[in-house]
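A.B. asks: Next up is a structure, given as structure tokens.
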Amino acid sequence: MSPEQNPTPQTPDAEPRPGRLTAAAALAALEGVALLVGGGAMLVLGLTGDSGDLSTGVTGGVTLIALALLPLIAARGLLLRRGWSRGPAVITQIMALPVAYSLLQADSVAIPAGIVLAVVAVTALVLLINPATTRALGIQGPGRAGESDR
């Protein structure tokens, strides 16, 4: 495709991507990769019979792999400064908070994982709602659609 057919948001006179936006994208990608690895491990354990139940292992693995797509696509969108990508990224963080809470309630080695997940989710949420991130993604608040034209 020629550059005219595939415009890029990064023009020479555009502002550089804020570090907060890059950090939010990195955290979303990290969560996506973790889901991929966990889903792959669960799938392998299910297929090899080590998990004890084939259907549970395969279903859980495929589900985690499918869920990994949301944060990975959102991370790519954030890096490319696509305004639509903030929604899926925020949804991913909100979904991670109850998982972190349930890990924190366990009396096992899952507690440190719950702490890490909670810290990552809250940090990513703060980065995603930051005004610099919002501006970099071209998102305007409610009732401000016409202000950029003035």
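For the sequence shown, the residue numbers in the numbering used here are 2 to 151.
We put the CB at the ideal spot given by N, CA and C, even for glycine.
Use the C-beta contact count for R82: other C-beta atoms within 10 angstroms, 16 or more gives buried, fewer gives exposed.
C.D. replies: For this step, residue 82 is matched to residue 81 along the sequence shown. Looking at its Cβ environment, which holds 16 or more other Cβ atoms inside 10 Å, R82 is buried.
A.B. asks: Are the CB atoms of L129 and A90 within a distance shorter than 7 Å?
C.D. replies: Taking the first residue of the sequence shown as position 1, residue 90 is located at position 89. Taking the first residue of the sequence shown as position 1, residue 129 is located at position 128. Their beta carbons are under 7 Å apart, which means A90 touches L129 by this criterion.
A.B. asks: Within the same chain, show all residues whose beta-carbon is closer than 7 Å to that of A157, passing over the 5 residues directly before and after it, in chain order.
C.D. replies: Look at the range of the chain in this structure, 2 to 151, and you will see that residue 157 is not part of it.
A.B. asks: So which of A107, I140, T124 has the shortest CA-CA distance to I95?
C.D. replies: Within the sequence shown, residue 95 is the residue found at index 94, counting from 1. Closest option to I95, Cα to Cα, is T124.
A.B. asks: For the region 20-34 against the region 108-128, are there 3 or more C-beta pairs whose distance is under 8 Å?
C.D. replies: Yes, they touch.
A.B. asks: From this set, P143, Y102, V127, D108, which residue's C-alpha is nearest V117's C-alpha?
C.D. replies: Here residue 117 corresponds to residue number 116 of the sequence shown, with the count starting at 1. Cα-wise, what sits closest to V117 is Y102.
A.B. asks: Please classify P113: does DSSP put it in a helix, a strand, or coil?
C.D. replies: Taking the first residue of the sequence shown as position 1, residue 113 is located at position 112. In this structure, P113 counts as helix in the three-state DSSP scheme.
A.B. asks: Are the Cβ atoms of L79 and A27 separated by less than 7 Å?
C.D. replies: In the sequence shown, residue 79 corresponds to position 78, counting from 1. In the sequence shown, residue 27 corresponds to position 26, counting from 1. Not in contact: L79 and A27 (Cβ atoms no closer than 7 Å).
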